[in-house]
Every structure is written in structure tokens, then in C-alpha cells.
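>
There are 2 protein chains.
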Amino acid sequence: MRKALPDPRIEARRQQPAPETVDPAIEALVHDIIGKVADKWTMLILEALQEHGTLRFTQLGKVVGGISQKMLTQTVRQMEKDGLVRRTVHPVIPPHVDYTLTPLGESLGAAFCGVWIWAETHHAEIRQARASFAEREAATSRITAKD
Amino acid sequence: MRKALPDPRIEARRQQPAPETVDPAIEALVHDIIGKVADKWTMLILEALQEHGTLRFTQLGKVVGGISQKMLTQTVRQMEKDGLVRRTVHPVIPPHVDYTLTPLGESLGAAFCGVWIWAETHHAEIRQARASFAEREAATSRITAKD
DNA sequence: ATTTATACGCACCAAAAGGAGAGTGTAGGA
DNA sequence: TCCTACACTCTCCTTTTGGTGCGTATAAAT
Numbered sequence: 060m061r062k063a064l065p066d067p068r069i070e071a072r073r074q075q076p077a078p079e080t081v082d083p084a085i086e087a088l089v090h091d092i093i094g095k096v097a098d099k100w101t102m103l104i105l106e107a108l109q110e111h112g113t114l115r116f117t118q119l120g121k122v123v124g125g126i127s128q129k130m131l132t133q134t135v136r137q138m139e140k141d142g143l144v145r146r147t148v149h150p151v152i153p154p155h156v157d158y159t160l161t162p163l164g165e166s167l168g169a170a171f172c173g174v175w176i177w178a179e180t181h182h183a184e185i186r187q188a189r190a191s192f193a194e195r196e197a198a199t200s201r202i203t204a205k206d
Numbered sequence: 060m061r062k063a064l065p066d067p068r069i070e071a072r073r074q075q076p077a078p079e080t081v082d083p084a085i086e087a088l089v090h091d092i093i094g095k096v097a098d099k100w101t102m103l104i105l106e107a108l109q110e111h112g113t114l115r116f117t118q119l120g121k122v123v124g125g126i127s128q129k130m131l132t133q134t135v136r137q138m139e140k141d142g143l144v145r146r147t148v149h150p151v152i153p154p155h156v157d158y159t160l161t162p163l164g165e166s167l168g169a170a171f172c173g174v175w176i177w178a179e180t181h182h183a184e185i186r187q188a189r190a191s192f193a194e195r196e197a198a199t200s201r202i203t204a205k206d
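In order, the protein sequence lines correspond to chains Y and C.
For any residue, its number in the numbering used here is found by taking its place in the first sequence, counting from 1, and adding 59.
For any residue, its number in the numbering used here is found by taking its place in the second sequence, counting from 1, and adding 59.
The structure is reproduced here in C-alpha cells:
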């Protein structure tokens, strides 16, 4: 969420009104990708690597924070499969492996950057919304159209 | 992913280098928000409401596709709590409830827009990455530094 | 009198996610 | 000689997620 600048390709697309020519097969694939990529750990790891450039396994775990080894391995493996990170093994003892974002990963990081900034920008509003929801709930009165 | 234009506040922030003044409490809160919002169904519902403006319960379910009533209720309720959607009950029989994005929800939709476009733009690369990973795996040779 | 439509809530159950902890291989240091 | 570091993998176990089906209220239509 830090240094990323908007992907020029994405910015270009934003200008255009709306393709609206959505092949259902592509649509399904995109939904699938979103489903895989819109994952808490994926986002967190993406951010960590974006900020630090290259990290080793244990360092990455510490930077992300609160992740188990299992999830770290699993998520990073999936990201490698999807071409988001490059995993480099230095065959020394004790083992040394480092992780870095591929250009594809960087571009995803840039895309998610907007979401990070959104969260930073609006977290106060969310807290407020939660509070007022709780209040309304306590009064047992939901929003109701009065016509 | 369709019609959204970039949030001006986010675009403004992107220019700035990096605050780097990250209060750990805020950081944790942001991580929490990301964790809640980076959910498959949340993203899909967000997209549906962004494209259609206002939808009733059943319609929303159809537009999203493949979601059970339970998850639809649950997710939409959470989004209401977080101030992303407004739920309006028309007290008629049979019941009539419609859902629409709040300004906060719209802004999140705009932020996620970049991710949608990223997925549409790069899905071919992901498929290719997966294929070449599978190939490398079959050859039982991972990327290894050769020095 | 029976059916239909709508937006759920609830209970039950299967599946998946995810955490904790132990095990592994081996070079170099104490 | 034993311990430590590193990046895992594997097994067990608990928690969470999510699907299915049933119940509900009630006015209007058949």
C-alpha cells in the first residue's frame, strides 16, 4: 500500500465506459481468480513483499504477523503457482529461500493499493457505522420505508 | 468493475511518497478491515450492487450467482453493519426489501474496481503461470539459484 | 380452502480452514 | 558430541464455514 503507483493499463481502462461484452467463460474465470486472490493472507503477504522487496521465509512471517508456518507456506506456494511471487532456493545449509514479487505480483499489489488506502482513509467511518448499527439494533428498529 | 471512477481522495494519496507514520493500533484495525472486506462474497455483492444500483434480496442472489440464502443474508448483514449497504424494508406483504450501496460502499467498490480490472487484464498470464508451474513441478525442478 | 410469493431465521450436518507441535537434514559452532 | 539455525512437512485436533431443508407470516390470487 505504500509506494505503488497506479498501473497504467488499469488507469487507461478506467476511462472507457464499460466493455459490456462479457464472455461468461471469462467472467467465471475472473470470479475464480478474485475468489483466490481476495484472501486475507494473500493480501497481507503481497503488502509485505511490496514494502520490503525481498524477504526470507521467517522474515516474511514476522512482517506479516500472526500467520502460522502452515498458512505461510501454503499461501506463498499458491502465489508462486499463480505467478505472483518468485521463490528462489539457495542450496546452502542451513537452507536459504527468498521470496520476491514478480511483475505480475507487483501489478496486483498496485491494484490492491487502492483498497489499502481506502481502508486507511475510511476506517473511522466504518467504526462509526458499526456503532450506530449497534445502537439501532439495541432500539430494535431497523431502517424502514415509511410510505 | 464497470462504471466506477477512481476515488479522488485515493488518487490524491497515491501521489504522496509514503506516510510511514503508522500507528500500530491503526495498522491492526486496517488489517482487520481488510480481513473482513477481502471476502469473496463481499466483493461479488459489491460488484452486483455497483452494476445494478438497487436490488431486492432474491434478485441480488441471482445476480451474484451460486450463493446460498444463508450466505447472502449473512454477508449483506455484515455489510450493513460496516455501513457499506443500506437495507430498506417496505412493510408490505409479501415482504419487500431492497439493498443499495451507501457512499462508503460505493467508494469501496471504486477501490476494488482496480482489482477487477487487474483480474480481467491478467487472467491469461495467470493461466500461463499455472501451466508452467505444473510443468516445472512435473520435472521436479524448482527455481534454484545456481551460484 | 389451498396455493403462491418474499425474505428471511433456525437447526443440523459435512467439509474445509487453520493452529499447535513434533520431526527432518546437515553444516558449523560451543 | 550435542546444539542451533532454517525452511519446511506431517499429523492431529479444533474452529469456522457453508450448504440443505424446514418453518413463518399473511394478503392476494385461484
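In this text, a Cβ means the ideal position worked out from N, Cα and C, and glycines have one as well.
Residues of chain Y with CB closer than 8 Å to the CB of Lys99 (chain C), please, in chain order.
Position 40 of the second sequence, counting from 1, holds the residue named residue 99 (chain C). Chain Y residues near Lys99 (chain C): Ile93, Gly94 and Ala97.
> Tell me which same chain residues have a C-beta within less than 6 Å of the C-beta of Gln109 (chain Y), skipping the five on either side of it?
Within the first sequence, residue 109 (chain Y) is the residue found at index 50, counting from 1. Taken in chain order, the residues that qualify are Gly168.
> Which same chain residues end up closer than 8 Å to Thr113 (chain Y) when comparing Cβ atoms and leaving out the 5 residues on each side of it in sequence?
Taking the first sequence and counting its residues from 1, one reaches residue 113 (chain Y) at position 54. Asp157, Tyr158 and Thr159, listed in sequence order.
> Report the partner residues of Asp157 (chain C) according to the DSSP bridge assignment.
Working through the second sequence from its first residue, we reach residue 157 (chain C) at position 98. Per DSSP, C:Arg115 and C:Thr147.
> Would you be able to state if there are at least three C-beta pairs under 8 Å between the stretch 139–159 of chain C and the stretch 115–123 of chain Y?
In short, these stretches do not touch, since the Cβ pair count stays below three.
> Once the 5 residues before and after Glu139 (chain Y) are set aside, which same chain residues still bring their CB inside 7 Å of it?
The residue you call residue 139 (chain Y) lines up with position 80 of the first sequence. Excluding positions up to five away in sequence, the list reads Arg146.
> Can you tell me the Cα-Cα spacing of Pro76 (chain Y) and Ala188 (chain Y), whole angstroms?
Position 17 of the first sequence, counted from the start, is the residue given in the question as residue 76 (chain Y). Position 129 of the first sequence, counted from the start, is the residue given in the question as residue 188 (chain Y). Residue placement at Pro76 (chain Y) cannot be trusted, given a pLDDT of 41 that sits under 50; what the coordinates show is reported in the next sentence. Straight-line Cα distance between these residues: approximately 32 Å.
> Gln133 (chain Y): which of Y:Ile176, Y:Glu179 and Y:Asp98 sits nearest, CA to CA?
Taking the first sequence and counting its residues from 1, the one referred to as residue 133 (chain Y) is at position 74. Comparing Cα positions, the closest option is Y:Asp98.
> Are the C-beta atoms of Ala197 (chain Y) and some chain C residue less than 7 Å apart?
As a working note, residue 197 (chain Y) is residue 138 in the first sequence. Closer than 7 Å: no.
> Is His182 (chain Y) close to chain C, meaning its C-beta is less than 7 Å from at least one C-beta of that chain?
As a working note, residue 182 (chain Y) is residue 123 in the first sequence. With 7 Å as the cut-off, His182 (chain Y) counts as an interface residue toward chain C.
> Would you say the beta carbon of Leu105 (chain Y) is closer than 6 Å to some non-hydrogen atom of the ligand COA?
Here there are no bound small molecules, and the ligand COA is not part of this structure.
> Determine the extent of the alpha helix (DSSP H) in which Ile185 (chain Y) is found, giving its start and end residues.
Counting from one through the first sequence, the residue named residue 185 (chain Y) turns up at place 126. Where Ile185 (chain Y) is concerned, the enclosing alpha helix (DSSP H) stretches over Pro162 to Ala197.
> Strictly below 8 Å CB to CB, what residues from chain Y border Ser127 (chain C)?
On the second sequence, position 68 is the one that residue 127 (chain C) refers to. Per Cβ cutoff of 8 Å: no residues; Ser127 (chain C) is ~15 Å from chain Y at best.
> Are any of the Cβ atoms in chain C nearer than 7 Å to that of Glu179 (chain Y)?
On the first sequence, position 120 is the one that residue 179 (chain Y) refers to. For Glu179 (chain Y), the answer is yes, since a Cβ of chain C falls inside 7 Å of its Cβ.
> So Val135 (chain C) and Thr161 (chain C) are in contact, right, with Cβ under 8 Å, and what is the actual spacing, rounded?
Residue mapping note: residue 135 (chain C) aligns to position 76 of the second sequence, counting from 1. Residue mapping note: residue 161 (chain C) aligns to position 102 of the second sequence, counting from 1. No, Val135 (chain C) and Thr161 (chain C) are not in contact; Cβ-Cβ is about 13 Å, not under 8 Å.
> Should Leu103 (chain C) and His182 (chain Y) be called a contact, given that it needs their Cβ atoms to be closer than 7 Å?
Taking the second sequence and counting its residues from 1, the one referred to as residue 103 (chain C) is at position 44. Taking the first sequence and counting its residues from 1, the one referred to as residue 182 (chain Y) is at position 123. Not closer than 7 Å, so no.
> For Phe171 (chain Y) and Val96 (chain C), which I take to be in contact (beta-carbon distance under 8 Å), what is that distance rounded to the nearest angstrom?
Taking the first sequence and counting its residues from 1, the one referred to as residue 171 (chain Y) is at position 112. Taking the second sequence and counting its residues from 1, the one referred to as residue 96 (chain C) is at position 37. That pair is no contact at about 11 Å.
> Arg189 (chain Y) touches chain C at which residues, Cβ-Cβ below 8 Å?
Along the first sequence, read from residue 1 onward, the residue named residue 189 (chain Y) stands at position 130. Lys140, Asp141 and Gly142, listed in chain order.
> Mind checking Ala178 (chain Y): buried by the 16 CB within 10 Å criterion, or exposed?
In the first sequence, residue 178 (chain Y) corresponds to position 119, counting from 1. Result: buried.
> What residues in its chain sit with their C-beta under 6 Å from that of Gln164 (chain C), if we drop five residues either side in the sequence?
Reading the second sequence from its first residue, position 105 is the one you call residue 164 (chain C). Residue identity differs from the one stated: residue 164 (chain C) is Gly in this sequence, not Gln. Around Gly164 (chain C): Leu143 and Val144.
> Just verifying my parser: in three-state terms, what is the DSSP assignment at Gly142 (chain C)?
Taking the second sequence and counting its residues from 1, the one referred to as residue 142 (chain C) is at position 83. The answer is coil: DSSP assigns Gly142 (chain C) none of H, G, I, E or B.
> By DSSP, does Ile152 (chain Y) sit in helix, in strand, or in coil?
The residue labelled residue 152 (chain Y) in the question sits at position 93 within the first sequence. DSSP places Ile152 (chain Y) in coil when its eight states are reduced to three.
> List the residues of chain Y whose Cβ lies closer than 7 Å to the Cβ of Leu88 (chain C), in chain order.
As a first step, residue 88 (chain C) is located in the second sequence; it is residue number 29 there, counting from the start. Neighbours of Leu88 (chain C) on chain Y, chain order: His182.
> Check each residue of the stretch 112–125 of chain Y: if its Cβ is closer than 9 Å to any Cβ of chain C, include it; give the result in chain order.
Within the stretch 112–125 of chain Y, the residues whose Cβ lies closer than 9 Å to some Cβ of chain C are Gly124 and Gly125, listed in chain order.
> Can you give me the Cβ contacts of Ile126 (chain C) inside the same chain, cut-off strictly under 7 Å, excluding the 5 residues immediately before and after it?
Along the second sequence, one-based indexing puts residue 126 (chain C) at 67. Excluding residues within five positions, the ones whose Cβ falls inside 7 Å are Trp100 and Gly120.
> Can you pull the chain Y neighbours of Met102 (chain C), defined as C-beta to C-beta under 8 Å?
By 1-based counting over the second sequence, the position of residue 102 (chain C) is 43. Within 8 Å Cβ-Cβ: Ile93 and Ala97.
> Indicate whether at least one CB of chain Y lies closer than 7 Å to the CB of Ile152 (chain C).
Taking the second sequence and counting its residues from 1, the one referred to as residue 152 (chain C) is at position 93. Ile152 (chain C) does not count as touching chain Y.
> Here's the rule: buried if 16 or more other CB atoms are within 10 angstroms of the residue's CB, otherwise exposed. What is Ala190 (chain Y)?
Translated into the one-based positions of the first sequence, residue 190 (chain Y) becomes position 131. Its Cβ having fewer than 16 others within 10 Å, Ala190 (chain Y) is exposed.
> May I ask you to report which of helix, strand or coil DSSP gives Ile126 (chain Y)?
In the first sequence, residue 126 (chain Y) corresponds to position 67, counting from 1. Here Ile126 (chain Y) sits in coil by DSSP.
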